[in-house]
Amino acid sequence: MAAETVADAALAVHGVAALHGGEFGEVGTYLPGKRVTGVVIDENGCNVHISVAYPANVVTVAQHVRDAVGQVVDVPITVTVGDVSHPDDHRAPLIEERN
Numbered sequence: 028m029a030a031e032t033v034a035d036a037a038l039a040v041h042g043v044a045a046l047h048g049g050e051f052g053e054v055g056t057y058l059p060g061k062r063v064t065g066v067v068i069d070e071n072g073c074n075v076h077i078s079v080a081y082p083a084n085v086v087t088v089a090q091h092v093r094d095a096v097g098q099v100v101d102v103p104i105t106v107t108v109g110d111v112s113h114p115d116d117h118r119a120p121l122i123e124e125r126n
């Protein structure tokens, strides 16, 4: 499927931490039995939403994603950076104790 191929191409770009589903998880393509988050393709274009790994240059990573995806689709490509992730993002959130 084209959405899976686009997702693989985007995720292979150095500096891409993940595909991003949008503010409310609305960006994605439904396929039989699964969903490809962060990719929407139709006859008018291809939208790819990504999270960039800090400290990568956001503009450079977006251009590299556009170039990589351009190798697998033949429609206009829009790359949206929905988040920048820090290597420590996996840590537990801080909890304040109240007296």
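Those letters in the sequence shown? Residues 28 to 126, per this note's numbering, in order. Heads up, the beta-carbon is just placed ideally off N, CA and C, and yes, glycines get one too.
1) Can you tell which of Val85, Thr64, Thr107 has its C-alpha closest to the C-alpha of aspartate 35?
2) Which of the three DSSP states, helix, strand or coil, is assigned to alanine 89?
3) According to DSSP, simplified to helix, strand and coil, what is valine 108?
4) Judging by CA-CA distance, which residue of Arg62, Pro82, Glu53, Val99 is the nearest neighbour of alanine 44?
5) Quick check: the Cα distance between glycine 55 and isoleucine 104, rounded to an integer number of angstroms?
6) Could you check what DSSP says for glycine 97 in three-state terms: helix, strand or coil?
7) Using alpha carbons as the reference points, say which of Ala39, Asp69, Ala30 lies closest to lysine 61.
In brief:
1) Thr64
2) helix
3) strand
4) Pro82
5) 15 Å
6) helix
7) Ala30
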